[in-house]
Structure formats: C-alpha cells, structure tokens
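In my numbering, the protein residues as written are 135 to 328.
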C-alpha cells in the first residue's frame with residue numbers, strides 16, 4: 135500500500151536534522167536552493183526537482199513542512215523505480231528483440247507487442263545496455279534515478295559483490311520489503327549458477 139509509509143518521531147527528528155545541516159542561514163527555514171541541494175544529496179529526486187523548478191525568489195519553507203515531502207518521496211521509493219517493467223536478457227535474446235524492434239519500426243508500428251496488443255500485455259519499447267540505449271520505438275527516457283536503481287538491481291542479479299555507498303543505498307531501497315534471509319538465499323543461489 136503506497137499510503138502506508140510514515141515517519142515515526144525519531145525518524146522525523148533525523149529528517150529535520152538533515153535539513154538543518156543544509157541550511158545556510160540562522161533562521162528555521164530552508165530556501166528552494168537549499169532544499170534542492172539536500173534532495174540531490176540524499177536521492178530524494180522529487181524533492182530536488184520540485185525545489186529546483188521553483189523561482190529563485192520563492193520564499194523559504196519551515197523545516198516542519200519538509201517531513202511530508204520526505205514521506206511522499208519515500209512512498210514513491212516503496213512503489214519502485216518508475217512505471218516501467220525492466221527485463222534482463224541474454225545477448226542472444228537481446229539481438230532477437232532488437233531485430234523485432236527494427237521490423238516493428240519498418241512496419242510503422244509504434245510498439246512491439248508479444249500478442250499484437252490483444253491482451254493486457256505490456257509493449258517492448260526499448261533495449262538498453264548499461265547506460266547505452268540500443269534501440270527504441272516511441273520511447274521516452276525515464277529519470278536518472280530510475281536508471282541508476284535498475285542498474286544496481288541488475289548488478290545484484292549478476293552476483294556483483296562490490297557496490298559504491300550510493301549503489302548499495304539504491305539497491306537496499308528496492309529490496310527493503312524483502313526479508314534479509316530471503317535476499318541472502320536468493321543471492322547465494324544466483325552465485326551458484328555462475
């Protein structure tokens with residue numbers, strides 16, 4: 135349930151302390167620039183975008199108003215990275231789908247459907263490799279945050295063991311609803327397949 139995220143009193147104090155860290159003035163307010171800096175620093179992308187889009191002369195917000203912004207951002211993190219489905223493919227599978235995308239484009243189709251769009255399936259619109267877009271049909275790029283989260287999840291599926299602090303943070307945000315023992319078992323089974 136996306137409405138289930140809330141901060142307890144201790145977590146609210148941590149959020150307020152973090153916001154206070156980024157204040158450049160002595161008053162209990164955060165300017166749009168300070169809020170945008172904080173949002174970027176802790177991957178609260180929606181907060182950073184909202185504050186960054188504000189007019190420079192917009193007044194500051196009291197720290198107490200930041201908690202609802204953070205709760206809303208945490209809800210979006212709990213819902214997952216964007217409204218897309220990402221599929222991990224072998225090189226051979228990707229080559230086949232890339233050819234199918236070319237055929238779809240040449241045929242004037244705006245998407246590639248597994249069932250020609252008859253059922254409620256989702257269309258294939260793009261193929262990526264790491265940060266490179268290989269091919270696409272009517273594709274709108276997602277946010278940098280979404281791509282970074284997906285990349286870290288794919289690294290987990292590839293049995294990677296070395297993560298940057300940010301990469302680890304992004305991965306754990308996605309896996310937070312999964313029991314730690316289940317994650318460990320899954321990772322061990324993946325490593326055994328290599």
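The beta carbon of each residue, even a glycine, is placed where N, CA and C say it ideally should be.
Since we're looking at a predicted model, the values are computed, not measured.
Quiz item: Where do the ends of the alpha helix (DSSP H) carrying residue 230 lie?
Solution: Working through the chain shown from its first residue, we reach residue 230 at position 96. Where residue 230 is concerned, the enclosing alpha helix (DSSP H) stretches over 225 to 240.
Quiz item: In chain order, what residues of the same chain have a beta carbon less than 7 Å from the beta carbon of residue 275, not counting five sequence neighbours either side?
Solution: As a position in the chain shown, residue 275 is number 141, starting the count at 1. Answer for residue 275: no residue qualifies.
Quiz prompt | 8 Å Cβ cutoff met for residue 280 and residue 301 | solution = Here the question's residue 280 lines up with position 146 in the chain shown. Here the question's residue 301 lines up with position 167 in the chain shown. Cβ atoms of residue 280 and residue 301: not closer than 8 Å.
Exercise. Could you have a look at residue 319 and say whether DSSP puts it in helix, strand or coil?
Key: Walking along the chain shown from the start, residue 319 turns up at place 185. Three-state result, residue 319: helix.
Self-check item: Collapsed DSSP secondary structure at residue 279 in the structure displayed
Solution: The residue you call residue 279 lines up with position 145 of the chain shown. DSSP places residue 279 in helix when its eight states are reduced to three.
Self-check item: Collapsed DSSP secondary structure at residue 147 in the structure displayed
Solution: Along the chain shown, one-based indexing puts residue 147 at 13. Residue 147: helix per DSSP, three-state reduction.
Quiz item: Should residue 237 be labelled buried (16 or more other beta-carbon atoms within 10 Å of its own) or exposed?
Solution: The residue given as residue 237 occupies position 103 in the chain shown. Under this definition residue 237 is an exposed residue.
Exercise. Return the first residue and the last residue of the alpha helix (DSSP H) that residue 304 is part of.
Key: Locating residue 304 in the chain shown gives position 170, where the first residue counts as 1. Note, residue 304: alpha helix (DSSP H), 299 to 309.
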